[in-house]
Amino acid sequence: MECLKAEGVDVVFGYPGGANLPTYDAFVDAGIQHVLVRHEAGGGHAAEGYAKASGKVGVVFATSGPGATNIVTPLTDAMMDSVPLVAFTGQVRTDLLGTDGFQEADTFGITMPIVKHSFMIQHPAEIPRAVHEAFHIARTGRPGPVLVDMPVDLTRAEIDYQPVGDVRLPGYQPTTEGNSKQIRLAAKALANARRPVVYAGGGVINSDAAEELREFATSDRLPVTCTLMGLGAFPAPHPQWLGMLGMHGTRTSNYAMDEADLILAVGARFDDRVTGKLSEFAPRAKFIHIDIDPAEISKNVPAHIPIVGDAKNVLTRLTNEYRALGPDPARLAAWWERIDGWQAQHPLRYEDTTDNEIKPQFLVEALYEATGGDVTLSSDVGQHQMWAAQYFQFAKPRRWINSGGLGTMGFGLPAAMGAAVGNPEVPSVLLTGDGSFQMNVQELATCKEYDIPVKAVIMNNGYLGMVRQWQELFWDGRYSHVDMGGWPDWVKLAEAYGATGVRLTDKTTLVKDLQDAIAKPGPVVVDVRVTREENTYPMIPAGAAAREMVG
Amino acid sequence: MGEPGTKEPLTLEELEATTAVRTGRKHILSILVENKPGVLTRIAGLFARRGFNIDTLAVGPTDDEAFSRITLTLDGAMHPIDQVTKQLHKLVNVIKIRDLEPDETVARELALFKITADGGARGEVMQIVEIFRGKIIDVTRRSVIVEVTGTWEKIEAFERMVRPFGLVEMARTGEIAISRGRSET
Numbered sequence: 057m058e059c060l061k062a063e064g065v066d067v068v069f070g071y072p073g074g075a076n077l078p079t080y081d082a083f084v085d086a087g088i089q090h091v092l093v094r095h096e097a098g099g100g101h102a103a104e105g106y107a108k109a110s111g112k113v114g115v116v117f118a119t120s121g122p123g124a125t126n127i128v129t130p131l132t133d134a135m136m137d138s139v140p141l142v143a144f145t146g147q148v149r150t151d152l153l154g155t156d157g158f159q160e161a162d163t164f165g166i167t168m169p170i171v172k173h174s175f176m177i178q179h180p181a182e183i184p185r186a187v188h189e190a191f192h193i194a195r196t197g198r199p200g201p202v203l204v205d206m207p208v209d210l211t212r213a214e215i216d217y218q219p220v221g222d223v224r225l226p227g228y229q230p231t232t233e234g235n236s237k238q239i240r241l242a243a244k245a246l247a248n249a250r251r252p253v254v255y256a257g258g259g260v261i262n263s264d265a266a267e268e269l270r271e272f273a274t275s276d277r278l279p280v281t282c283t284l285m286g287l288g289a290f291p292a293p294h295p296q297w298l299g300m301l302g303m304h305g306t307r308t309s310n311y312a313m314d315e316a317d318l319i320l321a322v323g324a325r326f327d328d329r330v331t332g333k334l335s336e337f338a339p340r341a342k343f344i345h346i347d348i349d350p351a352e353i354s355k356n357v358p359a360h361i362p363i364v365g366d367a368k369n370v371l372t373r374l375t376n377e378y379r380a381l382g383p384d385p386a387r388l389a390a391w392w393e394r395i396d397g398w399q400a401q402h403p404l405r406y407e408d409t410t411d412n413e414i415k416p417q418f419l420v421e422a423l424y425e426a427t428g429g430d431v432t433l434s435s436d437v438g439q440h441q442m443w444a445a446q447y448f449q450f451a452k453p454r455r456w457i458n459s460g461g462l463g464t465m466g467f468g469l470p471a472a473m474g475a476a477v478g479n480p481e482v483p484s485v486l487l488t489g490d491g492s493f494q495m496n497v498q499e500l501a502t503c504k505e506y507d508i509p510v511k512a513v514i515m516n517n518g519y520l521g522m523v524r525q526w527q528e529l530f531w532d533g534r535y536s537h538v539d540m541g542g543w544p545d546w547v548k549l550a551e552a553y554g555a556t557g558v559r560l561t562d563k564t565t566l567v568k569d570l571q572d573a574i575a576k577p578g579p580v581v582v583d584v585r586v587t588r589e590e591n592t593y594p595m596i597p598a599g600a601a602a603r604e605m606v607g
Numbered sequence: 058m059g060e061p062g063t064k065e066p067l068t069l070e071e072l073e074a075t076t077a078v079r080t081g082r083k084h085i086l087s088i089l090v091e092n093k094p095g096v097l098t099r100i101a102g103l104f105a106r107r108g109f110n111i112d113t114l115a116v117g118p119t120d121d122e123a124f125s126r127i128t129l130t131l132d133g134a135m136h137p138i139d140q141v142t143k144q145l146h147k148l149v150n151v152i153k154i155r156d157l158e159p160d161e162t163v164a165r166e167l168a169l170f171k172i173t174a175d176g177g178a179r180g181e182v183m184q185i186v187e188i189f190r191g192k193i194i195d196v197t198r199r200s201v202i203v204e205v206t207g208t209w210e211k212i213e214a215f216e217r218m219v220r221p222f223g224l225v226e227m228a229r230t231g232e233i234a235i236s237r238g239r240s241e242t
């Protein structure tokens with residue numbers, strides 16, 4: 057506990073069990089707030105939401121065996137999306153290790169591929185150093201999850217707490233300072249580019265470099281697009297903002313990437329959902345790639361100017377170098393003409409209903425209007441997530457919390473709960489689907505118990521919408537197990553958990569109704585019935601090129 | 058081209074990709090790791106997960122008990138070696154990786170061969186063993202066990218030579234290697 061306090065931990069999420077009883081005993085008078093979740097997966101995702109919203113390290117506790125296996129999904133999620141997380145798992149007594157003891161699982165082995173690093177405690181005296189190093193590894197470099205597995209007998213030992221000030225990790229020295237020569241070369245290339253695009257990812261948010269990105273991009277008229285994870289890294293709406301790129305990105309963003317002569321990638325990893333068909337991705341472009349993780353550079357797309365370093369550090373220096381060159385903004389005039397043409401010709405659009413039926417896109421727009429965008433918006437995974445990314449405007453970093461890499465349904469509610477705890481100043485709103493919400497709905501009880509005022513808006517189409525869409529488009533409309541039926545009754549379910557439940561079906565009053573619902577105290581569940589079979593467009597079909605966008 | 062920091066113009070065509078190259082040759086990676094639980098599993102897991110094939114792998118202590126050395130060989134035609142080393146570097150317990158230059162490296166492997174050698178064949182087998190500077194370390198009426206050390210290529214050559222006599226079984230350590238000269242690997 058002293059170790060945790062020394063790391064600045066004030067809130068943790070967790071679930072007790074036999075193998076972490078000594079640790080839980082210490083919580084009784086530790087002076088650290090512990091949120092008892094209803095499922096360890098909820099605890100892991102809550103810690104992620106907390107970390108993403110606050111920028112601090114999220115902490116989750118689970119017991120051995122099933123407790124530990126239940127956090128496998130959140131750990132993988134945190135690994136994919138570079139979320140700083142420290143997980144403490146209980147383990148059976150050392151004399152029972154390897155004997156298939158009760159609630160024994162090889163947590164260390166199971167989690168090895170899905171953590172940035174892990175520690176298996178072998179002696180009580182190792183605990184303070186392991187805790188300190190776990191936090192150090194989780195928060196520095198490319199952030200990620202770190203696991204500390206602690207056999208129960210070793211956590212019972214009384215040890216004198218000695219603060220650990222240093223880390224002894226000779227194999228772990230992330231490069232944060234970008235190479236000056238490379239930065240100068242990048243500035244020069246940018247100043248000479250005629251069709252540049254800035255492509256920013258979640259790394260900009262992790263590095264708290266949104267302000268530096270804005271500063272850089274606006275030091276000239278450089279067009280900016282963000283990945284799903286990068287939304288909020290550039291203040292949307294903005295004249296230089298092209299919208300999200302990738303599979304469900306805007307046509308403008310994808311066409312701009314397609315025709316660009318120089319792409320500046322910052323804290324982004326050329327994921328397949330961004331590049332589409334790799335061989336036809338941005339065929340005319342040279343690439344500057346800034347990333348704190350050297351292994352990301354030239355992994356999928358060969359970089360012409362690789363810069364290993366922290367986005368904040370590199371962008372600041374890049375801006376200075378770029379300004380010093382005094383690039384001529386007029387060289388970008390023809391490029392902007394082209395971009396403006398796409399913007400005018402292909403804005404995000406959908407065919408609205410003429411009756412009172414609520415289109416899902418309309419719901420997102422209404423939610424944006426009802427909140428003024430000044431909320432932390434979490435989402436689950438599926439169509440609603442993509443519509444949120446398209447139609448909600450994210451002006452600030454750490455205000456958009458979703459599961460991008462792993463695409464974890466059930467992420468939303470606990471993450472929104474963690475976000476509410478991590479940044480209580482800003483209202484925490486969840487936009488979820490009727491499929492995803494059921495995957496961790498038990499956390500409504502946690503929200504109620506701790507008075508965590510998450511406002512959950514369910515985009516309810518009674519389908520696993522994204523899967524249905526793919527079956528419609530690519531599997532001849534043969535729907536296989538995507539109809540969720542009409543259950544549960546969300547209003548009653550919310551009430552069963554002591555939350556407020558509201559059902560909205562009236563399009564004309566939707567904005568006002570949403571405002572009223574969100575204004576209600578405590579956790580609220582808003583069931584909004586939307587058009588059942590609506591597709592998320594535009595779309596680059598999987599494995600296709602940007603040019604082949606449909607819808 | 059327009060050097061950074063100068064006013065010379067730079068055309069984007071001049072920029073060349075630092076692409077992940079496939080060298081097409083065998084690589085020997087000498088990896089210094091912390092002697093901690095799970096290190097070998099982490100490395101083996103990384104290779105499996107990223108689809109890198111290890112040709113040979115040898116693990117042993119170093120002069121410092123806090124560290125072990127892992128020597129592994131892999132085919133540079135199949136994998137971009139820089140991506141392999143970058144991924145390995147992400148493992149916290151990995152201290153140092155050297156992609157050993159073939160010309161500046163001494164590499165050896167130990168192999169044991171059990172060969173059918175009765176009657177007239179025995180003499181011939183013994184001759185081959187002699188040529189390869191091997192040692193016969195066990196002998197029965199119908200077979201011999203031979204110890205051979207050398208480069209991977211030499212072991213392969215020996216195997217080809219004795220296989221026609223009847224190779225009962227074979228065990229190989231995988232190459233270990235160290236750089237030439239005074240400096241540390």
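Sequences listed follow chains Y and E, in order. Residues in the first sequence are numbered consecutively from 57, following our numbering. Residues in the second sequence are numbered consecutively from 58, following our numbering. Glycine included, C-beta positions come from ideal geometry on N, C-alpha and C.
ask   = Bridge partners of L433(Y), per DSSP?
value = W456(Y) and V485(Y)
query = Interface residues of chain Y around Q140(E) at Cβ under 9 Å?
reply = A351, S354 and K355
request  = Tell me the start and end of each unbroken alpha helix (DSSP H) in the region 395-454 of chain Y that is at least 4 residues and wholly inside, in chain order.
outcome  = 416-427 and 439-447
inquiry  = Let's test the definition: count the other Cβ atoms within 10 Å of the Cβ of Q439(Y) and tell me whether it reaches 16, buried, or not, exposed.
reply    = buried
query = Thinking just about the alpha-carbon of each residue, which of L520(Y), Q494(Y), G489(Y) and E499(Y) is nearest to the one in I514(Y)?
reply = G489(Y)
ask   = Using DSSP with H/G/I as helix, E/B as strand and the rest coil, what is N516(Y)?
value = strand
ask   = At a CB-CB cut-off below 7 Å, which residues of chain E make contact with Y228(Y)?
value = V149
ask   = CA-CA distance, I596(Y) and I363(Y)?
value = 29 Å
message = I'd like the list of long-range same chain contacts for H188(Y), defined as Cβ closer than 6 Å, with 5 residues on each side in sequence excluded.
response = V220
Three-state class that DSSP yields for H173(Y) in the structure shown = strand
inquiry  = I believe M218(E) touches A168(E) by the beta-carbon criterion, under 8 Å. Please report the beta-carbon distance rounded to the nearest angstrom.
reply    = Actually they are not in contact, since the Cβ atoms of M218(E) and A168(E) sit about 13 Å apart, beyond 8 Å.
Chain-ordered residues of the region 372-383 of chain Y with a beta carbon less than 7 Å from chain E = none
ask   = Terminal residues of the continuous beta strand (DSSP E) containing W526(Y)?
value = Looking at the DSSP string, W526(Y) is not in any beta strand (DSSP E); the run it does join, the alpha helix (DSSP H), is G521 to F530.
task = Please list the partners that T68(E) has in chain Y, where partner means a Cβ-to-Cβ separation under 8 Å.
result = N248
task = Identify the continuous beta strand (DSSP E) that holds Q89(Y) and give its terminal residues.
result = Q89 to L92
request  = At 8 Å on the CB atoms, spell out the chain E contacts of K61(Y), in chain order.
outcome  = Those within 8 Å of K61(Y) in chain E number zero; the least Cβ separation is about 24 Å.
request  = Within the region 185-222 of chain E, note down every full beta strand (DSSP E) run reaching 3 residues or more, in order along the chain.
outcome  = 192-196 and 200-207
task = Classify M300(Y) as helix, strand or coil using the three-state DSSP reduction.
result = strand
ask   = Name the DSSP bridge partner or partners of E166(E)?
value = G207(E)
task = Give the secondary structure of A194(Y) by DSSP, where H, G and I count as helix, E and B as strand, and everything else as coil.
result = helix
ask   = Residues in the region 160-183 of chain Y with C-beta within 8 Å of chain E's C-beta atoms, listed in sequence order?
value = F164, G165, M168, P169, K172, H173, S174, M176 and Q178
Validate contact between the region 461-479 of chain Y and the region 94-106 of chain Y using beta carbons, cut 8 Å, 3 pairs = yes
ask   = By Cβ distance, which residues of its chain are closer than 6 Å to D572(Y), with the 5 residues on each side in sequence left out?
value = none
ask   = Just the Cα atoms here: how many angstroms apart are L72(E) and A359(Y)?
value = 10 Å
request  = Could you name the residues of chain E that I193(Y) contacts, counting a contact when the two beta carbons are closer than 9 Å?
outcome  = V149
ask   = So, is the C-beta of K143(E) closer than 8 Å to a C-beta in chain Y?
value = yes
request  = Can you give me, in chain order, the residues of the region 70-101 of chain E that have a beta carbon less than 7 Å from any beta carbon in chain Y?
outcome  = L72, E73, A74, T75, T76, A77, E91, P94, G95, T98 and R99
inquiry  = Suppose the cutoff is 7 Å on Cβ atoms and the five residues either side in sequence are ignored; what does the same chain contact list for T308(Y) look like?
reply    = L298, G299, I395, W398, Q399 and H402
ask   = For T162(E), which residues from the same chain have a beta carbon less than 6 Å from its beta carbon, with the 5 sequence-adjacent residues on both sides left out?
value = A234 and S236
request  = Return the first residue and the last residue of the beta strand (DSSP E) that T142(E) is part of.
outcome  = Segment I138 to H146 is the alpha helix (DSSP H) holding T142(E); no beta strand (DSSP E) there.
query = Are L566(Y) and A444(Y) touching if we call contact CB-CB under 8 Å?
reply = no
key: Y80(Y), DSSP secondary structure in three states   = helix
query = Under 8 Å, do I215(Y) and V202(Y) count as touching if we go by C-beta distance?
reply = no
query = Can you tell me the Cα-Cα spacing of I457(Y) and D151(Y), whole angstroms?
reply = 42 Å
inquiry  = With a threshold of 7 Å (Cβ to nearest heavy atom), would V547(Y) be considered close to the ligand FAD?
reply    = The ligand FAD is not among the ligands present in this structure, which contains no ligands whatsoever.
task = Would you mind working out which of F164(Y), Y593(Y) and V260(Y) sits nearest G607(Y), comparing C-alpha positions?
result = Y593(Y)
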